[in-house]
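The listed protein sequences correspond, in order, to chains U and S. Quick note on numbering: the numbering used here labels position 39 of the first sequence as 39, and the sequence is numbered without any gaps. Quick note, the numbering used here runs 1000 ahead of the 1-based positions in the second sequence. Every residue gets a Cβ at the ideal spot worked out from N, C-alpha and C, and that includes glycine. Bear in mind that the values here come from a model prediction, so they are computed numbers and not experimental data. Worksheet: the structure to be examined is printed underneath.
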Amino acid sequence: EPEVTQTPSHQVTQMGQEVILRCVPISNHLYFYWYRQILGQKVEFLVSFYNNEISEKSEIFDDQFSVERPDGSNFTLKIRSTKLEDSAMYFCASSEQIQGAEGYTFGSGTRLTVV
Amino acid sequence: GQSLEQPSEVTAVEGAIVQINCTYQTSGFYGLSWYQQHDGGAPTFLSYNALDGLEETGRFSSFLSRSDSYGYLLLQELQMKDSASYFCAVPPTGGGNKLTFGTGTQLKVEL
């Protein structure tokens, strides 16, 4: 079964450092997303990406965040200068179309710890 | 805006039936999805209701009442492996495409 692949599975970084989280969405999917989940809380939307541009972003997705699709397969989330409160699980997801009966497919996540 | 409320925790015994409720307030509505998430794992899509009524998929069923802004996930013949968090979610409306998740319900299945 096709899956969304995320690397690394764990990342520890010092406050103020830049991190890049990587994702390979399902190949025939057109919509890509990043979500995050702070420990014990609900999954929160960060950004959606379609046709090589951001289609929607949340208030969490400030100037410290950026996304890129550098080639035909990878989808990255960059945090320019990490803060302690950025520590969370970051999930990439993709979908063939805007959410419907098929649902989104999520990757296994990257656990980011900012120290 | 969109908000979805769920009970924070439900406990049930193996073999039993459990219902996880979700009430929502949304501006526009297309349907209600359910996702399962095991500790530290990825949310996994379970079901989607666009119309009122019950949708059955094996041991799991999902119900929607649009007039009551309410839905539930029904899990039958509970197994230990069903212990997980369950989230209801609403798809985008009005041109956006973010999936908004509910507060989540942690299900504990006991022997």
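Query raised in the report: Going by other Cβ atoms of all chains shown within 10 Å of its Cβ, with 16 needed for buried, is Asn-1049(S) buried or exposed?
Result: Here residue 1049(S) corresponds to residue number 49 of the second sequence, with the count starting at 1. Its Cβ being crowded by 16 or more others within 10 Å, Asn-1049(S) is buried.
Requested in this report: Counting only the same chain and skipping the five closest in sequence on each side, list residues whose C-beta sits under 7 Å from that of Glu-1077(S).
Outcome: Position 77 of the second sequence, counted from the first residue, corresponds to residue 1077(S). The residues are Gly-1015 and Arg-1059.
Query raised in the report: Alpha carbon to alpha carbon, what distance is there between Gly-109(U) and Gln-1037(S)?
Result: Counting from 1 along the second sequence, the entry for residue 1037(S) is found at position 37. Counting from 1 along the first sequence, the entry for residue 109(U) is found at position 109. The alpha-carbon atoms of Gln-1037(S) and Gly-109(U) are separated by roughly 12 Å.
Query - Residue from Gln-64(U), Gln-37(U) and Thr-105(U) with nearest C-alpha to Ile-79(U) - result: Start at 1 with the first residue of the first sequence, and residue 79(U) comes out as number 79. For Ile-79(U), the closest C-alpha among the options Gln-64(U), Gln-37(U) and Thr-105(U) is that of Gln-64(U).
Query raised in the report: Beta carbon of Thr-1100(S), beta carbon of Phe-106(U): below 9 Å?
Result: Taking the second sequence and counting its residues from 1, the one referred to as residue 1100(S) is at position 100. Taking the first sequence and counting its residues from 1, the one referred to as residue 106(U) is at position 106. In this structure, Phe-106(U) does not lie closer than 9 Å to Thr-1100(S) by Cβ.
Query raised in the report: What did DSSP end up calling Met-1080(S) once you bin it into helix, strand or coil?
Result: Stepping through the second sequence from its first residue, residue 1080(S) is reached at position 80. Note: Met-1080(S) maps to helix in three-state DSSP.
**Report entry** Per-residue burial, Pro-1043(S) [other beta carbons within 10 Å of its own, 16 or more giving buried]
**Finding:** On the second sequence, residue 1043(S) is found 43 positions in, with the first residue counted as 1. With 16 or more other Cβ atoms within 10 Å, it is buried.
**Report entry** Where Leu-39(U) sits in the DSSP three-state scheme
**Finding:** Within the first sequence, residue 39(U) is the residue found at index 39, counting from 1. Leu-39(U) falls in the coil class under three-state DSSP.
Query raised in the report: Taking Ser-27(U) as the reference, which of Gly-16(U), Glu-59(U), Phe-75(U) and Phe-91(U) has the closest Cα?
Result: Working through the first sequence from its first residue, we reach residue 27(U) at position 27. Measuring from the Cα of Ser-27(U), the nearest candidate turns out to be Phe-75(U).
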